[in-house]
Every structure is written in structure tokens, then in C-alpha cells.
């Protein structure tokens, strides 16, 4: 063999001996596998710098149609059924043994139902217990508080009850207030609830009510406004302006109202359009019926002969609301509310329910606010909308948030809430970016109509002595900021505080919040106005930075940061980054489930409702990256995590963004899901900063 050939073969053998085995990955940098970026480079690219020891290849998943399906089967297309068929099936289901009469279930006694044999629901206790699902593990939330469970035989923790029969004894103590009174609901359904303060204030401000009516009914409307009699002297019947309780708003009506913006203004104010135009005429006609035909009697019997602004209001009122003289209280006469350096949980749609707010209170939140409620739905007496106003006894600093498009609608809602609810402040949402809200002229759409904002705040602030706050975004369109022009005047209009979210409506939740502009808005605010900043607060360092960044910032509102890690309030109060374990996080989930069963019920329906809201919340909590897994802390909201695993199996399950894993967690807390159960999150929370609508 030639010498040079032997040398070549020897060199090849030596290289082969030095090379790693083929089945082990090559960690040496090559041209095909570039070196891993440094943590600083990952942060600059908005990628979470997870420690290399916890990185793993992306998991292989099923087709998207199987996502969120409990049994992993294919998607099932629901059969379309007529309303009559659905009603027939619903009646048959109610009569079946699976739907036990509520009164019978509470007491365990068939004779307790006052309807007897005519009751729509089953009274067969033995048949119900035979088909009832097995009890869940754990303790009944009411029994654990030494209270009598109000769900009796239907409770999914029946075996833990101290007293099965509830024929005698006290039921569980109610810790929730602001429930909708049935008598008030009926008045709202029939449009007989009166709003003397709001109506008088609208007239005082010179706001015009444009009534859209059909051409053939124009003369009738005029006749109703004068004497409420038709040509034959009979009383004219007006249609109810409110639809049934579960009816949806008419989108065509909103389009007609938007077209009325071109009408002439009165007293340099904007046009105020009545969303339900016959409501005012209905109230007037009722008053005319009481006092007789002719002019409307507006005399008021009062101990105080001095009438503010020369206005008098009707004293006969079929509703429970007071008929005081309409006054315009000076801002100093209103109740003082102090937001300074208090931990403020933002009003959060869907997930910001009462059990979640109660959980945040246990973790350190100071101020809580109910979910956004639409004014029109509240005025229609919709029970589902009024449920958003409920308050737990632990919420010692509580407000409600309402959303409306017109001054008269918002003013009436504020008067209604002031009369019927116990709240510490009322917040008006003028920053909601959701299309269905914006298309009706409410939410962030108001940012394009500053004069209407003025009219809404002026009208609403004078019908209540409670502090009125406003929540806005920087602007409607990106790059056209205008919140600073509102901040300088909104205190004079009647607001006690304003919250500025550092994004435009067009941004939605993409990009980072513009805190420099929030500071700019705060500098223009008068000293008496509380300015609350909002956007991307995700750690105690963020909170410290923004509160100290401008002396006029009273506090920061915490929204998504609380959804992803509600223990952020504990971190801020203790000034530390909490490396929370999976067991501690699981205990927090247990507390939420317990609060949910107390709120929604411990029967089968309450269990599944609790499961649904738990799953909605888990669609946010999966975005949390434990402190011990990061090379750089604290985590930022805009970081996109790579595929990684946790320090134990439970932590790995909690960080999964798969709906099937969320269902698995819910089964650990609430038992097996019903057959064929599926779940799709309402919000695309796992779409990191996904820009929508521009």
C-alpha cells in the first residue's frame, strides 16, 4: 500500500473514533445548527428566555377539530331542530327523573311543592337518586361552612351533608348582594320604572331626544304626547318598547340612530338619541292617565320649597326609586374616593366574575369592579346582565362598570344602579374595542365623539352622589391620540377619576402599552382628578415603575396580569417575585372552584357552570412561566414561550396551551366531564399579541 494512502486511512479512522455516536445529538455548533441565542437576544425578540434544561421539542397534537374534546373523538355536527321540537324536548326532559323539582330537592319531601301533581318537574326522589351521577370527591362548600346546603338532594356532595332533609332549619347565609328584585324586573319589563332625575337632567342640559317612528304612526305619537286619546276618546294603546328579557338588541335600530347624528344641535350640545324611543312617551302617558287629560301635572310636594334650577318632577312613582328634586351636586359634595396606591383589579369580561374577584381579594386586591354591563340590557331587566352587578361581602371597595352610547341611556342606568344596588363607584366604559359594542356607538367608538362624552359624563354625574369614573383608551385609530384632550376637562364635567389604557382601539392588545402617553395625560389632569394607568402590569417592578414614573398617577389597574397570575397582588404587597410551586397554584384553583360552587351552585348545573369558567380562566393561566424556569426575570406580557416542560408533571400540565389538558385539570377538581363534552375558549388568549382589526 502506498505510504500516502495509509496516512489518509489512518487520519479517517482517527476522526471516526473522535466523533460522537450517531444516536446522540451533536451539541457542537455547526453551520446547519446555529448557536442558541443569548437570553438578552431572546428578550429583544420577545421570546421567553427559558433555561435550556427545560426546553423540549414541540409536542405532536391531533387535528385542530379534536382540540378541546374530552374523549378525543371527531367533531360532531349538531342536528338542527325547530323551536317547537326543542320546546317539546325541553318539556319532556324537565318531566324526566333527571330534573327533580327544586322544592322537593331542597326538602326531600314530595309534599313541599305547592304545585303538586301539576308541577312541570319530577317528584320521584327514588328515580332521581338512582340515575344521579356519583358524588364528587371533597366536601360540600356549604357544609364546610357549617351551613345547610340549599341544593339538598341535588347537591353533588350529598354524602357529606350533615342534614339531608331541609324541611326545617336555616339555609346557607347569603353573602352576595345587588341581586335583581323581581318587582323591579317587572317594572323594567313593562317600562314603568321611572327615572325622574335622569329625565330632568337631560332637559336641563338641553339635549334633544330624537324619536324615530314609522311615518303612519307620526300623528298618533303627536296625539299621545298631548292628550293620550285617539279620535274616539278611547285610550291609545302603545306597544311596549322593551323586548322580552332574553331578546337581543336590534342592530337596524342602532344604524338608524347613527344616521341621526346630522341633526341640528340644541344649546351647543350634541344630539341625544333615545335607543328605545317609546319609553319616554310611555312614562308621560302613564302620568297623564293619573292626573287626567290635558297638560301634565308636575307639582311636587316637598318640605323644601326651593327648587333647584327651576325644575319640578312628578311625585307619583310606581317604582321603588326616590323622587327627589333634581339637583346638581358640587363635586365636593360627592363622596370622596381615594385610589392612591391601591391595588385595582380591572373589570374583566367573562373571567372577572364574582368567584374570581373573591379569589383576588384573598390574594391582596384592594379595589374590585364588576364585569362590563350593557346599559340597554340593564334597563330591559335582563337577569343575566344584572348578575354582573352582584357583589360579595368581602369586596369592601367595589364598583360596577356600565357601557352605553347615549347620554339619556347612561344617565337612566346610573340612576337605576344608584337606587337598586350597593356600590362605591360607577365606571363608564369608553374604551371597549369589541366590534359588537363599537358598532352600536358605545365603548371606544365614543373616542371619536368628544362632545358626546361630555354630555354622557355631565348627565350621569348629576343623577348620583356616588363617584363617577371613566375608562378610555388613547384613541380610536393608532397614531391619533386624543385622550389627553379629554383628561383636562373631564373633572369639570363631573368625573372623579379616569383610567387610561395605553393602547388605541385599533391596536386591541397588540404591541406594548404606551406609558409615556399615559404620563402625558396625567400631567394635563387637574389635581383633584385621580388618573389610573392601565396596560402590561405583570410584576411588582412594573407596578413600582409606573406609579413612581409620574407623581399624578394615583395607581395602576391590573387586568391580564391578574388573569395570568392572580398572585400578582401578593407579589406587589410583599415586593418579591414569587416562584410559586405547582401545588400552590393547584390550591388557588381549588379555592376558585369552592367559591364557584358557592356562587353558581353545588348541583349538576352549578358544577358544569363552575367548570366552564374554570376552563376560561385556565386558557389564560397557561401563559404563566414559573420564575425558576427563566434566565431573565420578571416575565413580560408580550413574551412568546418556546416549547418547554415544568419541574414536575403537574406544572407541565398547567403550562400546556391545549384545551384537552385544561379539561384534564378540571376533572381533577370537579370530576369527569359529561359524555361528549367539548370546550373552546371564548377569548383567543393564547394568541400572543395577535393584531386584529388593523
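Numbering (the working numbering), first residue to last: 1336 to 2029.
Note that the Cβ used here is the ideal one computed from N, Cα and C, for glycine as well.
### Which listed residue (1466, 1986, 1512) has its alpha carbon closest to that of residue 1917
The candidate whose alpha carbon is nearest that of residue 1917 is 1986.
### Message
Check this for me: beta carbons of residue 1734 and residue 1748, under 8 angstroms apart or not?
### Response
For residue 1734 and residue 1748, no; Cβs fall outside 8 angstroms.
### Among 1776, 1968, 1989, nearest to residue 1958 - alpha-carbon criterion
Checking every option, the nearest Cα to that of residue 1958 belongs to 1989.
#### Entry: residue 1764, enclosing alpha helix (DSSP H) - first and last residue
Unbroken run through residue 1764 is the beta strand (DSSP E), 1760-1765; no alpha helix (DSSP H).
### Local conformation of residue 1712 per DSSP, three classes
Reduced to three states, the DSSP call for residue 1712 is helix.
### Query
Sorted by chain position, which residues of the same chain lie with C-beta nearer than 6 angstroms to residue 1931's C-beta, five sequence neighbours on each side aside?
Hits under 6 angstroms: 1690, 1945.
### Message
So if DSSP puts residue 1869 in a beta bridge, which residue, or which two residues, is it bridged to?
### Response
The partner list for residue 1869 (beta bridge, DSSP) reads 1836, 1892.
### Query
How is residue 1680 classed by DSSP in three states: helix, strand or coil?
Strand, per DSSP.
### Task
Return the Cβ separation of residue 1486 and residue 1819 in integer angstroms, given the expectation that the two are a contact with Cβ distance under 8 angstroms.
About 53 angstroms separates the two Cβ atoms, so there is no contact after all.
### Per DSSP, the bridge partner or partners of residue 1734
Looking at the DSSP output, residue 1734 bridges to 1704, 1760.
### Sheet register partners of residue 1457 (DSSP bridge)
DSSP lists 1435 as the beta-bridge partner residues of residue 1457.
### Supposed contact pair residue 1440 and residue 1488 - C-beta distance, whole angstroms, cut 8 angstroms
Indeed, because the Cβ distance is near 5 angstroms, the residues count as touching under 8 angstroms.
### Query
Who does residue 1512 pair with in a DSSP beta bridge?
Bridge partners of residue 1512 according to DSSP: 1726.
### Task
Report, in whole angstroms, the separation of the C-beta atoms of residue 1680 and residue 1692, which I expect to be a contact under 8 angstroms.
Between residue 1692 and residue 1680 the Cβ distance is about 6 angstroms, and since that is below 8 angstroms, they are a contact.
#### Entry: Endpoints, the alpha helix (DSSP H) within which residue 1876 is located
1875-1884 is the span of the alpha helix (DSSP H), which, as asked, contains residue 1876.
### Task
Tell me where the beta strand (DSSP E) around residue 2030 begins and ends.
No answer is possible for residue 2030: the residues shown for the chain start at 1336 and end at 2029.
### Task
Using 10 angstroms around the beta-carbon of residue 1956, count the other beta-carbons present and answer buried if the total reaches 16, otherwise exposed.
Burial of residue 1956 is indicated by the presence of at least 16 other C-beta atoms within 10 angstroms of its C-beta.
### Where residue 1698 falls: helix, strand or coil (DSSP)
Reduced to three states, the DSSP call for residue 1698 is coil.
### Query
Can you tell me the Cα-Cα spacing of residue 1730 and residue 2018, whole angstroms?
Whole-angstrom Cα-Cα distance: 26 angstroms.
### Task
Buried or exposed for residue 1984, please, with buried defined as at least 16 other CB atoms from any protein chain shown within 10 angstroms of its CB.
By the 10 Å Cβ count, residue 1984 comes out exposed.
### Task
May I have the straight-line CA-CA distance separating residue 1887 from residue 1834, to the nearest angstrom?
Approximately 12 angstroms, taken between the alpha carbons.
### Task
May I ask you to report which of helix, strand or coil DSSP gives residue 1932?
Three-state DSSP puts residue 1932 in a helix.
### Where residue 1385 falls: helix, strand or coil (DSSP)
Three-state result, residue 1385: strand.
### Task
In the DSSP assignment, find the alpha helix (DSSP H) that holds residue 1479 and state where it starts and stops.
It is not in any alpha helix (DSSP H) - residue 1479 carries neither H nor E in the DSSP assignment.
### Message
Would the region 1708-1716 count as touching the region 1904-1924 if we require 3 or more Cβ pairs under 8 angstroms?
### Response
No, they do not touch.
### Query
Apart from the five residues just before and just after residue 1936, which ones in its own chain have a Cβ nearer than 7 angstroms to its Cβ?
Within the same chain, residue 1936 has close Cβ partners 1486.
#### Entry: Contact check, residue 1471 vs residue 2005, beta carbons under 8 angstroms
Residue 1471 places its beta carbon less than 8 angstroms from that of residue 2005.
### Task
Tell me residue 1975's beta-bridge partners as DSSP assigns them.
Looking at the DSSP output, residue 1975 shares a beta bridge with 1382.
### Query
Grouping DSSP H, G and I as helix and E and B as strand, with all else coil, what is residue 1744?
Residue state for residue 1744 is assigned as helix, using DSSP reduced to three classes.
### Query
residue 1961: which of 1975, 1952, 1974, 1981 sits nearest, CA to CA?
Ranking 1975, 1952, 1974, 1981 by Cα distance to residue 1961 puts 1981 first.
### Query
Looking only at DSSP bridge pairs, what is residue 1965 linked to?
1385, per the DSSP bridge assignment.
### Sequence-distant residues of its chain with Cβ nearer than 7 angstroms to residue 1793 (five each side left out)
Residues of the same chain with a CB within less than 7 angstroms of the CB of residue 1793, apart from the 5 flanking positions on each side, are 1540, 1828, 1829 in chain order.
### Message
Using a Cβ distance threshold of 8 angstroms, determine whether the region 1882-1901 contacts the region 1846-1859, with at least three qualifying pairs required.
### Response
Two segments are said to touch when three or more pairs of C-beta atoms, one from each, lie closer than 8 angstroms; by this definition the region 1882-1901 touches the region 1846-1859.
### Message
Which residue wins for smallest C-alpha separation from residue 1804, given the options 1758, 1775, 1840?
### Response
Looking from the CA of residue 1804, the closest CA among 1758, 1775, 1840 belongs to 1758.
### Task
Might you give, ordered along the chain, the residues of its own chain that have their beta carbon closer than 8 angstroms to the beta carbon of residue 1695, omitting 5 neighbours on each side?
Short of 8 angstroms from the beta carbon of residue 1695, and not among the five residues preceding or following it, lie these beta carbons of its own chain, in chain order: 1680, 1703, 1897, 1901, 1904.
### Task
Identify, in the order they occur along the chain, each residue of the same chain with its Cβ nearer than 6 angstroms to the Cβ of residue 1799, setting aside the five sequence neighbours on each side.
The residues are 1749, 1753.
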